[in-house]
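S.K.: Questions regarding the structure given below will be posed in turn.
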Amino acid sequence: MYNNIQIREKVFCISVNDRKKHLFENLWPLPDGVAYNSYVIADEKTALFDTVETGSDFDFVSRVESVLKGRALDYLVINHMEPDHSGEIRDVLRRYPDVKLVGNGKTAKILEGYLGTLENFQEVKDGETLSLGHHVIRFVFTPWVHWPETMMSYDTTDGILFSGDAFGSFGTLNGGLFDDEICFDKYYESEMRRYYSNIVGKYSNMVQKAFAKLAGADIRIIAPLHGPVWRENPGRVIGLYDRWSRYEAEDAVAVMYASMYGNTEQVADYIARGLAERGIRDIRVYDVSKTHVSYLINEVWRCRGIVLGSCAYNTYMHPNMEHLTTELSHYGVKNRLLGLFGSYSWNGGGVRNLKGFAENCGWTLVADPADILGVPDAQKLKACDAIAEQMALSLKHHD
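Pasting the structure below:
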């Protein structure tokens, strides 16, 4: 029995839960797996929108067949060529050799790299439409959200936006497909933000450009390639993406530290306590050697205040803090308040190199860094009081 779910009268979702994969893109942790969605419109002409990752479904093509009920497949629309969405194209071609593959010029180049030259490729332009009969699809190019060929397909008839990776989420769909069938606040919002920050966040400026191109469209349903389908309140997920892509954040503080023998950790806890005493309630403290960088990036997207601390390690910062700051530099997060601290035993280096990160990232340094020699004591921790004080004041006075 195939669990294909009807979205509208002629529109269906084929969703696959992948609970076996441990790392998304062999990089980002998937403790709760991931879902792959593809979609079928069965109109006068039939169209499949994207596929799923090879091996994630026992027989993806049979599920397509179950929707089409013996009809031919006229079009396979490729919104995104990443293999977790293009993995079943070869099998679809075996079953439907006459199907037309629809994509843009950049799609064609990547597709050729994967499958060779295909005679049945139909190139479309930005804004061009494709009539399936009752349903008319308009193609909206959204490059770098998050690959160069990425596009969206907008069903002008039912107001459905087949959005590709945009508006997606980590995590499987545990029974509920639609936003009105799940407890979004309890689980999906955090995993959606982690997905956004890890996968799409580097291209936040391109997300804003995509919003501009979609302005005025009557979007009644958002159908992404991962995670829930938004039919009740698509404006909610649009609002989240708009907020995240503008680097807006909560008045919260994440304290992230790297410590070898506990001195830097003591300073992290001292600063966290100082923040609490000054009225900050949402405070998280992370050991970067124990928390995967995926979750740290997610917290940087969530929190307006970031406090980073590192012990010295071979006259530099700790390698795990170096990894985090390198990733953050790569993502180009903006509009954050920053505090810096660390400790050393003989020559320093942790705070000195954190200051280099601060100069490059453009965040607002709220106070002078605290660089502590040896074991922290009351006198040495005075600089940390200033970090907590100024961070709290900056958060409270933020417009």
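With our numbering applied, the sequence shown corresponds to residues -5 to 393, in that order. Note that beta-carbon positions come from the ideal geometry of N, C-alpha and C, so glycine has one too. Nothing here was measured: the structure is a model prediction, and the numbers come from that model.
If we count the other Cβ atoms within 10 Å of its Cβ and call it buried at 16 or more, is His324 buried or exposed?
M.R.: Taking the sequence shown and counting its residues from 1, the one referred to as residue 324 is at position 330. So His324 ends up on the exposed side.
S.K.: Once the 5 residues before and after Arg187 are set aside, which same chain residues still bring their CB inside 8 Å of it?
M.R.: Counting from 1 along the sequence shown, the entry for residue 187 is found at position 193. Excluding its 5 nearest sequence neighbours in each direction, Arg187 has C-beta neighbours in its own chain below 8 Å: Leu234, Trp238, Asn292, Trp295 and Arg296, listed in chain order.
S.K.: Taking just the CA atoms, how far does Leu375 sit from Cys305?
M.R.: Working through the sequence shown from its first residue, we reach residue 305 at position 311. Working through the sequence shown from its first residue, we reach residue 375 at position 381. When rounded, the distance between both Cα atoms is 15 Å.
S.K.: Where His16 and Gly27 are concerned, what is the direct C-alpha to C-alpha distance, given to the nearest angstrom?
M.R.: For the purposes of this step, residue 16 is taken as the residue at position 22 of the sequence shown. For the purposes of this step, residue 27 is taken as the residue at position 33 of the sequence shown. A direct Cα-to-Cα measurement between His16 and Gly27 gives close to 7 Å.
S.K.: In the DSSP assignment, what residue or residues form a beta bridge with Met385?
M.R.: The sequence position of residue 385 within the sequence shown is 391, counting from 1. For Met385, which the question treats as bridged, DSSP gives no partner whatsoever.
S.K.: Just curious, the beta strand (DSSP E) that Glu353 is in, first and last residue?
M.R.: Along the sequence shown, read from residue 1 onward, the residue named residue 353 stands at position 359. From DSSP, Glu353 is part of no beta strand (DSSP E) but of the alpha helix (DSSP H) over Gly344 to Cys355.
S.K.: Hey, quick one: how far does the alpha helix (DSSP H) through Phe54 stretch, first residue to last?
M.R.: Locating residue 54 in the sequence shown gives position 60, counting from the first residue. Unbroken alpha helix (DSSP H) run through Phe54: Phe54 to Leu62.
S.K.: Checking 8 Å against the spacing of the C-beta atoms, do Asp159 and Ile131 come in under that value?
M.R.: Reading the sequence shown from its first residue, position 165 is the one you call residue 159. Reading the sequence shown from its first residue, position 137 is the one you call residue 131. Against a cut-off of 8 Å, the Cβ pair of Ile131 and Asp159 comes out as no contact.
S.K.: Looking only at its own chain, which residues have a Cβ that is under 7 Å from the Cβ of Arg272, when we skip the five neighbours before and after it?
M.R.: Locating residue 272 in the sequence shown gives position 278, counting from the first residue. Hits under 7 Å: Ala382, Glu383 and Ala386.
S.K.: What's the gap between the Cα of Lys349 and the Cα of Asp152?
M.R.: In the sequence shown, counting from the first residue as 1, residue 349 sits at position 355. In the sequence shown, counting from the first residue as 1, residue 152 sits at position 158. Roughly 52 Å between the two C-alpha positions.
S.K.: Check for me: the alpha helix (DSSP H) holding Ile409 runs from which residue to which?
M.R.: Here the chain comprises residues numbered -5 to 393, so residue 409 is not present and cannot be evaluated.
S.K.: On the DSSP letters alone, give me the boundaries of the alpha helix (DSSP H) that Ile265 sits inside.
M.R.: The residue given as residue 265 occupies position 271 in the sequence shown. Segment Asn257 to Glu271, the alpha helix (DSSP H) holding Ile265.
S.K.: Compare the Cα-Cα distances from Lys203 to each of Ala243, Val134 and Tyr264 and report the closest residue.
M.R.: Taking the first residue of the sequence shown as 1, we reach residue 203 at position 209. For the residues Ala243, Val134 and Tyr264, the minimum Cα distance to Lys203 belongs to Val134.
S.K.: How is Ser304 classed by DSSP in three states: helix, strand or coil?
M.R.: Here residue 304 is taken as the residue at index 310 of the sequence shown, counted from 1. If DSSP states are grouped into helix, strand and coil, Ser304 belongs with the strands.
S.K.: Tell me the rounded alpha-carbon separation between Val223 and Gly195.
M.R.: Here residue 223 is taken as the residue at index 229 of the sequence shown, counted from 1. Here residue 195 is taken as the residue at index 201 of the sequence shown, counted from 1. Between the alpha carbons of Val223 and Gly195 lies a gap of roughly 21 Å.
S.K.: Would the segment 135 to 150 and the segment 168 to 183 be scored as touching if the rule is three or more Cβ pairs under 8 Å?
M.R.: no
S.K.: I'd like to confirm the pairing. Which residues does DSSP put opposite Asp68 in its beta bridges?
M.R.: Residue 68 sits at position 74 when you count from the first residue of the sequence shown. Beta-bridge pairing links Asp68 to no other residue.
S.K.: Does the Cβ of Pro218 have 16 or more other Cβ atoms within 10 Å, making it buried, or fewer, making it exposed?
M.R.: By 1-based counting over the sequence shown, the position of residue 218 is 224. Buried.
S.K.: On a Cα-Cα basis, can you pick out the residue from Glu122, Ile265 and Gln0 that is closest to Ala372?
M.R.: Numbered from its first residue, the sequence shown carries residue 372 at position 378. When only C-alpha atoms are compared, the closest one is Ile265.
S.K.: Check whether the Cβ atoms of Phe164 and Leu24 sit closer than 8 Å, and answer yes or no.
M.R.: Position 170 of the sequence shown, counting from 1, holds the residue named residue 164. Position 30 of the sequence shown, counting from 1, holds the residue named residue 24. Taking 8 Å as the Cβ cut-off, Phe164 and Leu24 qualify as a contacting pair.
S.K.: Between the alpha carbons of Gln260 and Arg330, how many angstroms are there, rounded?
M.R.: For the purposes of this step, residue 260 is taken as the residue at position 266 of the sequence shown. For the purposes of this step, residue 330 is taken as the residue at position 336 of the sequence shown. Cα to Cα, Gln260 sits roughly 24 Å from Arg330.
S.K.: With H, G and I counted as helix, E and B as strand and the rest as coil, what does DSSP make of Trp340?
M.R.: Within the sequence shown, numbered from 1, the residue matching residue 340 stands at position 346. Reduced to three states, the DSSP call for Trp340 is coil.
S.K.: Excluding the 5 residues flanking Gln449 on each side, which residues of the same chain have their C-beta closer than 7 Å to its C-beta?
M.R.: The structure shown does not extend to residue 449, since the chain spans only -5 to 393, so no value can be given for it.
S.K.: Hey, is the segment 331 to 342 in contact with the segment 354 to 366, meaning 3+ C-beta pairs nearer than 8 Å?
M.R.: yes
S.K.: Counting only runs that start and end within the segment 159 to 220, where is the alpha helix (DSSP H) found for 4 or more residues in a row?
M.R.: 183 to 189 and 198 to 208
S.K.: Name the DSSP beta bridge partners of Asp365, please?
M.R.: By one-based count along the sequence shown, residue 365 stands at place 371. DSSP output for Asp365 lists Gly336 as bridge partner(s).
S.K.: If you follow the beta strand (DSSP E) that Val282 is in, where does it begin and where does it stop?
M.R.: Within the sequence shown, residue 282 is the residue found at index 288, counting from 1. From DSSP, Val282 is part of no beta strand (DSSP E); its letter is neither H nor E.
S.K.: Quick one: Cα of Gly268 to Cα of Asp379, how far?
M.R.: The count along the sequence shown starts at 1 and reaches residue 268 at position 274. The count along the sequence shown starts at 1 and reaches residue 379 at position 385. Answer to the nearest angstrom: the Cα atoms are 7 Å apart.
S.K.: What residue range does the alpha helix (DSSP H) around Ala406 cover?
M.R.: The structure shown does not extend to residue 406, since the chain spans only -5 to 393, so no value can be given for it.
S.K.: How far does the alpha helix (DSSP H) with Glu293 in it extend, from its first residue to its last?
M.R.: Your numbering for residue 293 matches position 299 in the sequence shown. Start and end: Val287 to Arg296.
S.K.: Apart from the five residues just before and just after Arg65, which ones in its own chain have a Cβ nearer than 8 Å to its Cβ?
M.R.: As a working mapping, residue 65 is identified with position 71 in the sequence shown. Within the same chain, Arg65 has close Cβ partners Ala36 and Thr40.
S.K.: Would you identify the three-state DSSP class for Lys328, choosing helix, strand or coil?
M.R.: Residue 328 sits at position 334 when you count from the first residue of the sequence shown. Note: Lys328 maps to coil in three-state DSSP.
S.K.: Taking the beta carbon of Asp179 as the centre, do at least 16 other beta carbons fall within 10 Å, making it buried, or is it exposed?
M.R.: Sequence index remark: in the sequence shown, residue 179 carries index 185 (1-based). Looking at its Cβ environment, which holds fewer than 16 other Cβ atoms inside 10 Å, Asp179 is exposed.
S.K.: DSSP has Ile277 in a bridge; who is on the other side?
M.R.: For the purposes of this step, residue 277 is taken as residue 283 along the sequence shown, with counting starting at 1. The partner list for Ile277 (beta bridge, DSSP) reads Val247.
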